[in-house]
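Asks: So that we are looking at the same thing, I have put the structure below in structure tokens.
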Amino acid sequence: MANGRVATGFSYPYVAEYSATGTTVTYSDAMPLARGVDVTLSPESSDDNIFYADNVSAESAGGVFTGGSISLTVDGLLMTAKRFIYGLPAAVNDWTAFGDEMEIPYVGIGYITRYMSDGDTSYVPTVIAKARFIMEETEAATQEDEIDWQTQELTADLFRGDDSNHSWKYIGA
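If you want it as structure tokens, here you go:
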């Protein structure tokens, strides 16, 4: 029997608009973000709070989640997803303006991680409870002899949710 599992894939990143009334959190307008290539989740936590007695550390309260970031590498955003995650206004004469009308929303982010353990494949859904995307860098290079597949890296800040437990991440069975 295997002692653990190894990640073998990442797929289907989705986003949904986050909203909270008191401690009731809801998500709406879910949509595919793009085709998933890679994900890196980088949570941050406060330092351990150590109590010293008799010249040694006697007790310790572990750090708590304080924020962080998620980086999603995707094949490229379609304009519908770009408007959604950056709060862009509707296109006017087929042009989308990036300006004062932008209102970047809080979103939930979901994706699937594929694992293998002892030859068995499993799929695990992950939901990031509350995040807010940062404007992405744009880069493109000319084609040479062969196609250089160019992906897009998206970054979002992570926040604790407004539910009574202040959840920041959920992992499914």
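According to our numbering, the sequence shown is numbered sequentially starting from 1.
Cβ coordinates follow ideal geometry from the N, Cα and C atoms, glycine included.
(1) Please classify Y106: does DSSP put it in a helix, a strand, or coil?
(2) Hey, how far is the Cα of R83 from the Cα of A53?
(3) With M79 as the anchor, note down where its alpha helix (DSSP H) starts and where it stops.
(4) Can you tell me which of A34, L158, T66 puts its alpha carbon nearest to the alpha carbon of S11?
(5) From this set, I50, T113, A90, M31, which residue's C-alpha is nearest V124's C-alpha?
(6) Does the Cβ of I128 have 16 or more other Cβ atoms within 10 Å, making it buried, or fewer, making it exposed?
(7) The beta strand (DSSP E) spanning T40 covers which residue range?
(8) Look at E17 and P105 and say whether their C-beta atoms are less than 8 Å apart.
(9) Whose C-beta lies closer than 6 Å to the C-beta of S42 among residues of the same chain, with five residues either side of it excluded?
(10) Could you work out which residue in T40, K130, V74 is closest to Y170 when comparing CA atoms only?
(11) For the beta strand (DSSP E) that contains L33, what are its first and last residues?
(12) Spatial neighbours of D148 within its chain, please: CB distance less than 8 Å, with the 5 preceding and 5 following residues excluded, ordered by chain position.
(13) Give me, in chain order, the residues of the same chain whose beta-carbon lies closer than 8 Å to that of S167; leave out the 5 immediate sequence neighbours on both sides.
(14) Given that a residue counts as buried once 16 or more other Cβ atoms are within 10 Å of its Cβ, and exposed if not, what is I109?
Replies: Here's the rundown:
(1) Numbered from its first residue, the sequence shown carries residue 106 at position 106. Y106: coil per DSSP, three-state reduction.
(2) One-based indexing of the sequence shown puts residue 83 at position 83. One-based indexing of the sequence shown puts residue 53 at position 53. Distance between the alpha carbons of R83 and A53: 56 Å.
(3) Taking the first residue of the sequence shown as position 1, residue 79 is located at position 79. Counting along the chain, the alpha helix (DSSP H) containing M79 begins and ends at 79–86.
(4) Stepping through the sequence shown from its first residue, residue 11 is reached at position 11. With distances taken between Cα atoms, S11 lies closest to A34.
(5) What you label residue 124 is simply residue 124 of the sequence shown in a count that begins at 1. Nearest C-alpha to V124: T113.
(6) The residue given as residue 128 occupies position 128 in the sequence shown. The residue in question, I128, is buried, as its Cβ has 16 or more Cβ neighbours within 10 Å.
(7) Taking the sequence shown and counting its residues from 1, the one referred to as residue 40 is at position 40. Unbroken beta strand (DSSP E) run through T40: 36–45.
(8) For the purposes of this step, residue 17 is identified with residue 17 of the sequence shown, where counting begins at 1. For the purposes of this step, residue 105 is identified with residue 105 of the sequence shown, where counting begins at 1. Yes, they are a contact pair.
(9) The residue labelled residue 42 in the question sits at position 42 within the sequence shown. Here the set comprises G68, S69.
(10) Residue numbering aside, residue 170 sits at position 170 when the sequence shown is read from its first letter. Ranking the options by Cα distance to Y170, first place goes to K130.
(11) Sequence index remark: in the sequence shown, residue 33 carries index 33 (1-based). Counting along the chain, L33 falls outside any beta strand (DSSP E), and DSSP gives it neither H nor E.
(12) Position 148 of the sequence shown, counted from the first residue, corresponds to residue 148. Counting only Cβ-Cβ distances below 8 Å, and skipping sequence neighbours, we find A141.
(13) Within the sequence shown, numbered from 1, the residue matching residue 167 stands at position 167. So the qualifying residues of the chain are A129, R160, G161.
(14) Locating residue 109 in the sequence shown gives position 109, counting from the first residue. I109 comes out buried.
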